[in-house]
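Line by line, the protein sequences give chains L and D.
Letter by letter, the first sequence follows residues 22 to 499 of this note's numbering.
Letter by letter, the second sequence follows residues 165 to 399 of this note's numbering.
Backbone N, C-alpha and C fix where the C-beta goes; we use that ideal spot for every residue, glycine too.
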Amino acid sequence: MTEVLSARFKSQAAEALGNVTIQESLDRLVNFRQGRVDAIAEYGQDRWDALSDRAREIKRDTLEHLDEYLDQLSRQVERAGGHIFFATDAQEANDYVAKVAAAHDVKTVIKSKSMVSEEMGVAAVLESMGIEAVETDLGEYIIQLAREAPYHIIAPALHKSKEEVSELFQRILGTPAESDITALAGIARQVLREKFLQADMGMTGANFGVAETGTIVMVTNEGNGRMCSSLPRVQVATMGMERVIPRLRDVATYLPLLTRSATGQRISSYVSFVTGPRRRDEEDGPQEFHLVILDNGRSRMLADPELREALYCIRCGACLNACPVYGKVGGHAYGWVYPGPIGAVVTPSLVGVPRAKDLPFASTLCGACRDVCPLKIDIPRMLLKLRSDAVEGPAETRVPRRVESLMMRVWRRTVAGPRLFSLAGKAASAAQWPLSRRGALRWLPPPLSGWTRSRDFPRAAMRPFRARWRNHEGRHGR
Amino acid sequence: MADREQFLANIRDALSSSNHSVSPAQAGAQPPARPDSVEKPPPSDLLAQLERTAALQSWHFTRAADENEAAASIVEIAKEHGAGRVVRTAHDVLERMALDAALTEAGMESVLLAETLGGLDAQARQDTAAAAAVGVTGVDAVIAETASVALVPRRGMSRQASLLPPVHVAVATADQVVASLDDVLALRLDALAEAEEATWYMNLVSGPSRTADIEQTLVVGVHGPGVVYLVVIGE
Numbered sequence: 022m023t024e025v026l027s028a029r030f031k032s033q034a035a036e037a038l039g040n041v042t043i044q045e046s047l048d049r050l051v052n053f054r055q056g057r058v059d060a061i062a063e064y065g066q067d068r069w070d071a072l073s074d075r076a077r078e079i080k081r082d083t084l085e086h087l088d089e090y091l092d093q094l095s096r097q098v099e100r101a102g103g104h105i106f107f108a109t110d111a112q113e114a115n116d117y118v119a120k121v122a123a124a125h126d127v128k129t130v131i132k133s134k135s136m137v138s139e140e141m142g143v144a145a146v147l148e149s150m151g152i153e154a155v156e157t158d159l160g161e162y163i164i165q166l167a168r169e170a171p172y173h174i175i176a177p178a179l180h181k182s183k184e185e186v187s188e189l190f191q192r193i194l195g196t197p198a199e200s201d202i203t204a205l206a207g208i209a210r211q212v213l214r215e216k217f218l219q220a221d222m223g224m225t226g227a228n229f230g231v232a233e234t235g236t237i238v239m240v241t242n243e244g245n246g247r248m249c250s251s252l253p254r255v256q257v258a259t260m261g262m263e264r265v266i267p268r269l270r271d272v273a274t275y276l277p278l279l280t281r282s283a284t285g286q287r288i289s290s291y292v293s294f295v296t297g298p299r300r301r302d303e304e305d306g307p308q309e310f311h312l313v314i315l316d317n318g319r320s321r322m323l324a325d326p327e328l329r330e331a332l333y334c335i336r337c338g339a340c341l342n343a344c345p346v347y348g349k350v351g352g353h354a355y356g357w358v359y360p361g362p363i364g365a366v367v368t369p370s371l372v373g374v375p376r377a378k379d380l381p382f383a384s385t386l387c388g389a390c391r392d393v394c395p396l397k398i399d400i401p402r403m404l405l406k407l408r409s410d411a412v413e414g415p416a417e418t419r420v421p422r423r424v425e426s427l428m429m430r431v432w433r434r435t436v437a438g439p440r441l442f443s444l445a446g447k448a449a450s451a452a453q454w455p456l457s458r459r460g461a462l463r464w465l466p467p468p469l470s471g472w473t474r475s476r477d478f479p480r481a482a483m484r485p486f487r488a489r490w491r492n493h494e495g496r497h498g499r
Numbered sequence: 165m166a167d168r169e170q171f172l173a174n175i176r177d178a179l180s181s182s183n184h185s186v187s188p189a190q191a192g193a194q195p196p197a198r199p200d201s202v203e204k205p206p207p208s209d210l211l212a213q214l215e216r217t218a219a220l221q222s223w224h225f226t227r228a229a230d231e232n233e234a235a236a237s238i239v240e241i242a243k244e245h246g247a248g249r250v251v252r253t254a255h256d257v258l259e260r261m262a263l264d265a266a267l268t269e270a271g272m273e274s275v276l277l278a279e280t281l282g283g284l285d286a287q288a289r290q291d292t293a294a295a296a297a298v299g300v301t302g303v304d305a306v307i308a309e310t311a312s313v314a315l316v317p318r319r320g321m322s323r324q325a326s327l328l329p330p331v332h333v334a335v336a337t338a339d340q341v342v343a344s345l346d347d348v349l350a351l352r353l354d355a356l357a358e359a360e361e362a363t364w365y366m367n368l369v370s371g372p373s374r375t376a377d378i379e380q381t382l383v384v385g386v387h388g389p390g391v392v393y394l395v396v397i398g399e
């Protein structure tokens, strides 16, 4: 599984805040936001709301009967001549993919974009077997060359400037410096075209898995998904177990929600429907098709009535674009595969709260994510739930905060009676004077320094309220 | 290794432990009905709508009165792109218009990408498609709302003709135009009900291959065709 670096949220966020290139890239998210607004207006707000409600209803039913739908999906894939593998975790999924690759003596794997395969870290596993595993989505290709994680669910190389891409291509591909974006894309086209034509195995994701027909649906723009599912001898698709939808016609419900929310497109350039391998009478297409269905912590979310709703997510990325926190700290701060508000819910839920303890707190709870979500997922509510898990949940979700809980105990004692409270007030106003600058405390000594690192602490009043009140009563009588 | 039963049993455990209002044991899976399909757009003149959306989706859109006019348009397109060789599928509409003869007459070569019809073998077919300047295909349906053409590969209809050449020409007849994606999926279900095989593949193509992965700047033709034409025959 891809390494979880979410425990370093604060330092990773600080890095992004100080990086001008990254801040400029994040400013471009306005394009996605505007695109979404325009695309919904074109679709019609009332129609959009009805679509959104229906999508929620279908998801609720699907998750309530997830076992039945997955059973149906897997049997239909088999009926179409495909192979099914159910993987409890990333390791099992990787082992299966490795086994298929070895059985076919695969030398080169072409991959189209898949968040689940990022979760698995399957490219690294294949590389360790001496198999070349090439990401073919342009953004994914760029970050694979840079050996980085995706920055955004929809735009993996969002944070890279064209100069950085040019440098990367020069350094690794040996191509000349290039400042024109079309030309840079042209270099990638040329290099990857070779890979497409020689690869033995294609790996893809699945935006939806249709139980009724055993079809996986892939939403792409570049055409690499079509290449990966058409040219090599073998296709292996990976999907999270919550991506199943009941009926083929439900694609008509989810697809507009996905593309219009994600990039503001009325539809993506390509939508591929894959049902098993090539037909007997077909000219081309893979001879073998495998679908790997991954749990990897999702059943824990399913079991938690407060987190189950996060499994409604269709990975459009709209919440990232809307989030004021993501818009400043960027994708790498979140430290794993899924960034932004949905990542702040999904990451702690899948890898455990203690390994991602800062993520539920990396939000202002402003609700912008919930407002733009096409499935109306209540992300702020779930962040609050995860915060409470971190503080007073069961032992395995609790995050030790010794200093904080000690201070809370002291606070509780102090405010419980008038004598200690008034004493503390006097002590505070006496102790603050050497630290006070222009009406606020700019710096506090440890263990309170964490507060003042990023904001001021208000100064205590020179005369406590109770003293002023007594004075007031004395002057005006009763 | 997790087998299906174990994996699904684990999900059943998760469902029952969440003490949800509906117990999976008592109520069978029943997705919500789809009565007044909200997925359907308001009624409109489909061809007029298609002309509008095709432009928005960056298709070069052409209407042709009949097959002959369509063949002439395709020859012009191929010339414009300096095509020495055009690859095509075996769709009826292309046979009816005698596209091969029209292209040959204009000094170009037309290659049918079909092994099953006694054509090239797999490697030769891929090499030919990858080297061709233009690929011409028929379509199985066209969606007016999104200017999407549905391509269902089968005997004589290679996946590669619309994928590997830098230019794709999709040829449809007016009666193939439907309102929405929902209509195409309903048609597909009808076809499946009659098919012997449960296996199928379909692509919806809605304009050129595009990316905005570098600085959110649009580039077309990154992997698939960068220039696409939609020719619609008839009223």
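Per the DSSP secondary-structure output, L/G261 pairs in a beta bridge with L/L315.
Sequence-distant Cβ neighbours of D/P389 in its own chain, meaning closer than 8 Å and more than five residues away, are G299, S326, L327, P329, P330, V331, H332, P372 and S373. Interface criterion met: the Cβ of L/S251 is under 7 Å from a Cβ in chain D.
Taking the C-beta atoms as reference points, D/S312 is found nearer than 7 Å to D/L368. Classified as buried, D/E309 has 16 or more neighbouring CB atoms from the shown chains inside 10 Å of its CB. Within 8 Å of the CB of L/T296, the CB atoms of chain D belong to A362, T363, W364 and Y365, in sequence order along the chain. An exposed status is given to L/I193, since fewer than 16 other beta-carbon atoms sit within 10 Å of its beta-carbon. Comparing C-alpha distances from L/L159 to each of L/I202, L/A123 and L/D126 shows the shortest one belongs to L/I202.
In this structure, D/I378 keeps its C-beta atom at 7 Å or more from the C-beta atom of D/V348.
Annotated three-state conformation of L/W357 is coil, per DSSP. For D/V341, no chain L residue has a C-beta closer than 8 Å to its own C-beta; the minimum C-beta separation is roughly 16 Å.
Per DSSP, the unbroken alpha helix (DSSP H) holding D/A350 starts and ends at L345 to E358.
Here the stretch 118-128 of chain L makes no contact with the stretch 262-276 of chain L; the two share fewer than three CB pairs at distances below 8 Å.
Annotation: D/L220 to D/T337 spans about 20 Å, alpha carbon to alpha carbon. Of all residues in the stretch 376-387 of chain D, those with a C-beta nearer than 8 Å to a C-beta of chain L are A376, D377, I378, E379, Q380, T381, V383, G385, V386 and H387, reading in chain order. With distances taken between CA atoms, D/G248 lies nearest to D/V275 out of D/W223, D/M366, D/E233 and D/V275. L/Y162: member of the alpha helix (DSSP H) spanning L159 to L166, first to last residue.
For D/L211, no Cβ of chain L is located within less than 7 Å of the residue's own Cβ. For the pair L/R391 and L/I400, the CB atoms are nearer than the 7 Å cut-off.
D/A295 is classed as exposed because its beta carbon has fewer than 16 other beta carbons within 10 Å across all chains shown. Its chain contains P401, L404 and L405 as the residues whose beta carbon lies nearer than 8 Å to that of L/L386, once the 5 sequence neighbours on both sides are disregarded; these appear in chain order.
DSSP places L/M239 in the uninterrupted beta strand (DSSP E) bounded by T236 to T241.
In this structure the stretch 375-389 of chain L does not lie against the stretch 53-65 of chain L, because fewer than three pairs of beta carbons, one per stretch, are closer than 8 Å. A contact is defined here as three or more CB-CB pairs under 8 Å, and the stretch 281-290 of chain L fails this definition with respect to the stretch 346-357 of chain L. The continuous beta strand (DSSP E) containing L/M222 extends over residues M222 to T225.
Sequence-ordered contacts of the stretch 263-295 of chain D with chain L read L277, A278, E279, T280, A286, R289, Q290 and A294 [C-beta pairs closer than 8 Å].
L/V313 is a Cβ neighbour of L/T259, given a cutoff of 7 Å.
Going by beta carbons, L/L252 and L/F229 fall outside the 7 Å limit. If you keep only unbroken alpha helix (DSSP H) runs of at least 4 residues inside the stretch 256-290 of chain D, you get 256-260 and 263-269. Taking a Cβ-Cβ threshold of 8 Å, the residues of chain L close to D/R176 are D88, in chain order.
The beta-carbon of L/A154 is placed no less than 7 Å from the nearest beta-carbon of chain D. Only buried fits L/Q97, as 16 or more other CB atoms lie within 10 angstroms of its CB. Taking 7 Å as the CB threshold, L/E78 lines the interface with chain D.
A contact between stretches requires three or more CB pairs, one per stretch, nearer than 8 Å, and the stretch 368-383 of chain L meets this requirement with the stretch 26-38 of chain L. In the three-state DSSP reduction, L/V58 falls in the helix class (H, G or I).
Of all residues in the stretch 338-364 of chain L, none places a beta-carbon less than 7 Å from a beta-carbon of chain D.
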